[in-house]
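Protein chains in written order, with my numbering: chain B, 1 to 180; chain D, 1 to 95; chain H, 1 to 493; chain Z, 1 to 127; chain U, 1 to 485; chain Y, 1 to 144. Idealized CB from N, CA, C, for every residue including glycine.
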Amino acid sequence: MAVTAFSLVRIHNLFAAVMMLGIYSLLAAVLYVVMDAVDVAFTEAAVGAGISTVLMLGTLALTTRMDKEAKPLVPVPLAIVTATGALLIYATLDMPHYGDPGAPIHHHVGPYYIEKSASEVGPPNIVTSVLASYRGYDTLGEVTVVFTAAVGVMALIGRSRRRKKPDPKSENHGRKEQQA
Amino acid sequence: MFSAATLAILISMFLVLVRALKGPTVYDRILAVNCFGTLTVLLISVYGFLTDRPEFLDIALVYALISFINIIAVSKFVRFKDLAQPLRDDDPGDI
Amino acid sequence: MSTQLPALQVVLPLLMAPIALIIRNPRFVWMLTLIVTWTTLAISLSLLMQVLDSGTITYRIGGWAAPWGIEYVLDKVGAFVLVIVSAIGSLVMTYARRSVEQEIPAERIYLFYTMFLLCLTGLLGITITGDVFNLFVFLEISSLSSYVMISLGRDRRALTAAYRYLIMGTIGATFYIIGVGLMYMMTGTLNMADLATLMPAIADTRVIQAALAFLTVGICLKLALFPLHLWLPNAYTYAPSMVTAFLAATATKVAVYILIRIIFTVFGGVNVFEILGLQNILMTLAIFAMFAASTIAIYQDNAKRMFAYSSIAQVGYIILGLSFASETGMAAGIIHLFNHAIMKCTIFLGLGCVALRMGGVSIRDMYGLGTRMPWTMAAIVVGGLSLIGIPMTVGFVSKWYLVRAALEADMWPVAVLIVLSSLLAIIYVWRIVEAAYLKPAPENAEPVSEVPLSMLLPLWVMALASIYFGLDATNTLTIALDAADILLNGGLQ
Amino acid sequence: METFYGLFNYWIVIVLMMMGFYMVIAQHNLIKKIIGLNVFQVSVFVFYISMSKIKGGTAPILTDGIEIYSNPLPHVLILTAIVVGVATTALGLALTVRIKDAFDTIEDDEIAILEKEDQERERGTIS
Amino acid sequence: MSPETTIQAALLTPVIGAVLISLCGRWTNLRETVTLVTAVILFSLVISLYPLVLEGGRPSLVVGEMLPNLSIAFTVEPLGMLFACIASFLWIVNSLYSIGYMRGNNEKNQTRFYVCFAIALASSVAIAFAGNMMTLFIFYEALTISTYPLVTHAGTEKAKRGGRVYLGILLSTSIGLLFLAIVWTWMIAGTLDFTPGGILEGKASNTIIGILLALYMFGIGKAALMPFHRWLPAAMVAPTPVSALLHAVAVVKAGVFTVVKVIIYIFGVDFLSVTIDPDWLLYISGFTILAASIIALRSDNLKRRLAYSTISQLSYVIMAAAILAPLSVLGAALHIAVHAFGKITLFFAAGSIYTASHKTEVSQLDGIGRRMPWTMGAFAIGALSMIGVPPTAGFISKWYILHGAFDSGQMLAVGIIIVSSLLNASYFLPIVHAAFFKKEIESPNHDDHGEAPFTVVIALTVTATITILLFFFPGIFIDLARQLI
Amino acid sequence: MLNRASILRVVSKLLIPPIMVFALYVQFHGDFGPGGGFQAGVIFAAAFILYALIFGVDNARKVAPAWLTRTLLASGLLLYTGVGVVAMMLGGDFLDYSMLATDQKSAQHLGITLIELGVGTTVSGAMITIFLIFDGRLRAEKDD
């Protein structure tokens, strides 16, 4: 995964970058499976590898395929990133270890769901019961986000009804009229 | 046996990844990505059996599907530089 | 029904957004949105009454008890912010129709209003929720819709402004999510009240310190605290007028509210200010913001951009108030939250009127407008005076409390800096005044008439509000002081 | 050594995160910024999922005979977060398309130059 | 009418007047009638409170709480009564004068002028009646803002610059220093009410009291203590009635009024004299008196000369208050009134000269006294009052200030007063002399002119007469001012 | 050119119905295995995207005109919120499914099914909309 990510940083062919992003996303999904998050893997596969890639391709087709010339590492962002990373690494030192059953998260809210969801909600898939019932409001928010994005895309680049004789100005309304 | 299969798949995934990284042509990459998708499908199903959770097959199925569509999109993109067919003049519009 | 009000507050605009999408007719959608915004205002007012009467309200969504399900918690601060957001929303909406008709292509107007409803939903949802992750979801709803609204501005730079805002905003949100993750890792819960009880025991772990750092940086990106403000000026400058008015008055305010929630509620049991020297950092940044942004504002030719920078400076005031961590300081921050919302809304609505008639809002466009659009310019001047902190305007009240807080904390240099920076405001406000009243209109100028009543009315409601609440600040201040008291001493009760 | 194995997972994730973050702030290409954003977010997701894993646990789907399940809550959160992520990506891409239309480039630095020209033109026409 | 209603009415009358004036903007005669009527009503309202205050009554009115425990309140006490009387009376005269002046010079935007004037008056009355420092500060700023359009009335580049200086200095001193001082006072004392004997006694260390005093003295920019005096000459670009408003009726009077008020009611005279004995204030005001007089001596522009004369006269008041002797405080209060009448006469005269002959420089005034006897006669009276020569009112106030200075042994103050009187004489008397005894310079640019318009002459005659009358009947003000000590 | 893609066309025609069925399976099987409304919505949209890829945006628009996708988009969200509001009207809190039926478990089941359906509808609507707009844009560009 690291290799993929690194290649993403360096690569300049946007098309290849999109491909690599797809692979990156697939790898993440595999990781999710390994770490028992099947539902997440499912979604990541559908979204990250599928929809995102198709969208990116669409955008590429609309814009350009090549990045500009190679750039050396830029110092300021590099510094910011290093600082942030260092802070996180510093934080990890106090973290419960990976898979540690004693970690706090396995003792508070989580186990409650595992124990009670079957009797309180029903579905054997705990994720579903948490998603749809305990935290159903989050999911409502999530749907709203999707809705927002779709309406947003409509508002941004949706075409208005075409006329018989295409008028270039009506297509890219606004922008070019302003220029003209 | 499943473990051995997992290992084999992982190795081949790595090899494919190398190809995807190195290129050199677009087609190499597409093929690599395609292969990678297939291998992921395999990996997930094998892993499902490894851990006795046959539900994982669902995910594998979705992967296969998405991978298929993806490849079609990518190929079309490479071949035609876009994804779909011309619109007619009486396009009803999106909004 | 009154027990359902907290849910209705958020759900009503949410429910109406898809309906607006189906209706499509701009006029009807506008009317629908108008009704919705006024209803939310009514709801928020009655919620405020309830909270003032009977203390904090909690509402369990889905009927699940607090740490397992998502809970709405509404205390005085929250109720106050709700009123601010919904009041601004309803006034801006009343104002919007003509301005939107002019600035946004006809076939996209209904999408625009849908976005507005969603943005309102998001902001209200952030304010009322008692769950850190739910907050993120609503934060994204409001952010995504505001990106779209900004990008619908007419200038092509609106697009890049929106894009930069998107990138910065998403980084901010992701930082926030990392912070939440770190907190969750150590506590196993996402509920604010629950977090607050668990926090003191683990406050000195490095994870929590890192979490605090990430949360603060993430939120500061959203609220455009000084070095992280780069997205704001362009976004406010090129967004459609009513969007600028709405966002300037609400979005950063709600972000400040998140910061208050995190620092004083979630970390309420811990003296966060001492752990990381956060107090000094925030105070220094706030003071820098006040000076740097005001100074930049002086040199702007575009009035919207000028006041966008002034917003950054004003956010500095709010943060400065909070960073005193005293009751007065807190109250100063909260009251300035309210006051700044009013005055900025006045100013940007006024600029929207100017844009409607003149097509632009550069200083040059305002030459001689004092006599040609007397009502509009007078309202802008009222807002500007308030920005300076002239008595009888809301700005004075905030300044009074800020200075008091600084003096109470024995930081008289800070008090001096506060008054000095407000002197900078005189300069840029007066550039507008001089342009409007002392410069003659260009000779070939077409005749300009005053804007229609539907725009003047909300404008003047805001302008009068900024005078009224400057003269009679007892009520607002009582709420602010109570709220500060709760935040400092009680956490979520 | 135990620390190393216990935290190795997080470290990798952090490295990935930072690569994504670097891409976002250092790249000039708008699409690559969005790709970076994706990388950044996906890494954060992996981070969440890592913390939900419990040794010997399995996917949180109730089956007879299995006692230990991984914590389902982060899964739920991440499901939501993924959706939010893709929504952001879609919007970002749509904006990129519009920017390409308006500026005819998707390089940040070139856009900055064009914007500056815009600004000067604005001043020029009025003064 | 109960005293409370009267206060209310007095505060509202000019506001209502302003609204009416703006509504009548199109009909000039009606507009000016409204102005005059409002002014007369205001004056009668104010004067109706006079007997009550003289008997020791302190009618007060609380409008509402602005901040918790801090209300907008009005209390009429002698000093405020004095200021309100002067301001409201001079408004009548000034309105009469403006009608002639504005019409005579065909000024633009006359409606705006009258509206702003009325608002400025409303603020002045509110300042005069303010019951606490907060209320005073609010209307102090309102006065600044409402006079800004008057200062920049001409709308020219020069007017704009003048307006900038005016507003810049007044706002920055008031927000930067005065505001701080008020907040601080509130924190220390817990109240801002004007209380005889002060509110700060025993609440803070001497150092803090000293700093506070400095903040107040420099913060009250309207009192034009050097180095914050630049706004006054800068504001000279305004039409003459505005200068009269600034110098005599409202603005600078509000400044020195606030100074005296702060010293008497916030610090308390006795308290100040036992704690810190603010000698530095004496030095600065003394310096201002002398420096401003010297600058006045060197300016050729008549209005500029008058402006610097004002600066120096204002510092008389501050110095008198800073002497901290009872009699000198009395003198300070009196000097506010006396200077108002004297200076307005001088400005009226200057404006009258400008209206009739368009002359602005001192050197052009040779022989003008024969053409405009009324105007120059009034000018002479005003000048004498400034110098402090009997039988003009200026003598009385100077007498009390000197008396106070002697009592407290402040020989420096005595010296300053004497020197500055000489300086006053040397920059005013030559004008009078030239006007009456020098021969007019023939110049083709100035055609024959006679006296200024009728209303103008009336106005300046009235004020000149009062300046003399006050010498003979000073009781009206002294009785009031005596209550202060 | 399209002639050469006949294999694709045939395969797609064969594949699209099963994909849709699979989407339904994922939708309703979410209670028991991985999957749920969101994933189902995406898969459904994927079927559609496949159609659009092979047969062109024009034809796709015929199948799913703008008003249809728009309605899909809106109705899902409405359904979800509607469930919450109905629960509220029945006297419970917002989104409190236990109000929907007498028995706790079946009420929860009903609630979850309904909102998952809402999620699925909106997500598929959204994905189709976004895809069609992006690709429609593409053609519009080329025509200019």
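Here M236 of chain U has G162, S243, N301, K303, R304 and A307 as same chain residues with Cβ atoms under 8 angstroms from its own Cβ, once five neighbours each way along the sequence are excluded. DSSP, reduced to helix, strand and coil, places Y69 of chain Z within a strand of the structure shown. A straight line joining the alpha-carbon of A248 of chain H with that of D479 of chain U spans about 57 angstroms. Under the 8 angstroms Cβ criterion, the region 446-463 of chain U does not count as touching the region 406-423 of chain U, having fewer than three qualifying pairs.
Within chain Z, the residues whose beta carbon sits less than 8 angstroms from that of G33 of chain Y are I61, listed in sequence order. Residue contact with chain Y for P123 of chain B: present (Cβ-Cβ distance below 7 angstroms to some residue of chain Y). M56 of chain B has its alpha-carbon roughly 60 angstroms from the corresponding atom of S146 of chain U.
In this structure, DSSP gives Y98 of chain B a state outside helix and strand, which the three-state scheme calls coil. In the structure shown, the three-state DSSP call for I7 of chain Y is helix. In this chain, the alpha helix (DSSP H) harbouring S241 of chain H covers S241 to I260. Judged by beta-carbon spacing, N132 of chain U lies within the 7 angstroms limit of L192 of chain U, meaning their Cβ atoms are closer than that value.
Residues of the region 202-229 of chain H with a C-beta atom less than 9 angstroms from some C-beta of chain B are I202, T205, R206, V207, I208, Q209, A210, A211, A213, F214 and V217, listed in chain order.
Taken through DSSP and simplified to helix, strand or coil, R135 of chain B comes out as coil. Under the three-state reduction of DSSP output, S362 of chain H falls in the strand class.
Contact of N70 of chain D with chain B is assigned, a C-beta pair being separated by under 7 angstroms. Ranked by how close their Cα comes to the Cα of I22 of chain H, the residues B:V151, B:G50 and B:Y32 have B:V151 in first place.
Across the structure, V73 of chain H and A248 of chain U are spaced so that their CA atoms are roughly 60 angstroms apart. Here A292 of chain H is buried. Its C-beta has 16 or more other C-beta atoms within 10 Å. The DSSP assignment places no complete beta strand (DSSP E) segment of no fewer than 3 residues inside the region 131-163 of chain U. Interface flag for I167 of chain H against chain Z is set, since a Cβ pair is found closer than 7 angstroms.
Secondary structure note for E71 of chain H: it is in no alpha helix (DSSP H), and the uninterrupted beta strand (DSSP E) holding it is E71 to L74. Among the residues of chain Y, none has a CB under 7 angstroms from the CB of A60 of chain D; the nearest is roughly 11 angstroms distant. Membership of F32 of chain Y in any alpha helix (DSSP H) is not indicated, and neither H nor E is assigned to it by DSSP.
G389 of chain H is a Cβ neighbour of S422 of chain H, given a cutoff of 7 angstroms.
Nearest Cα to T371 of chain H within the set H:M168, H:K304 and H:P442: H:P442. Look at I115 of chain Y: its C-beta is not under 7 angstroms from any C-beta on chain Z. Taking 8 angstroms as the upper bound for CB-CB distance, I61 of chain H and A7 of chain H are in contact here, some 7 angstroms apart. Below 8 angstroms, enough C-beta pairs join the region 24-36 of chain U and the region 97-113 of chain U to call them touching: three or more.
Residue pairing for R60 of chain H: DSSP places it in a beta bridge opposite H:E71. When the alpha-carbon of F134 of chain Y is set against those of Y:L53, Y:L117 and Y:Y25, the nearest one is in Y:L53. The count of Cβ pairs closer than 8 angstroms, one atom from the region 228-248 of chain H and one from the region 346-360 of chain H, reaches three, so the stretches are in contact. Nearest neighbour of V123 of chain Y by Cα position, chosen from Z:A102, Z:V84, Z:I49 and Z:I106, turns out to be Z:V84. DSSP, read as helix, strand or coil, puts V76 of chain U in coil.
Contact with chain B is found for A90 of chain Z, since one of that chain's Cβ atoms lies less than 7 angstroms from the residue's Cβ. Annotated as proximal: G388 of chain U and F395 of chain U, with beta-carbon spacing under 7 angstroms.
Counting only runs of 3+ residues, the beta strand (DSSP E) found wholly inside the region 3-70 of chain H occupies 57-60, in chain order.
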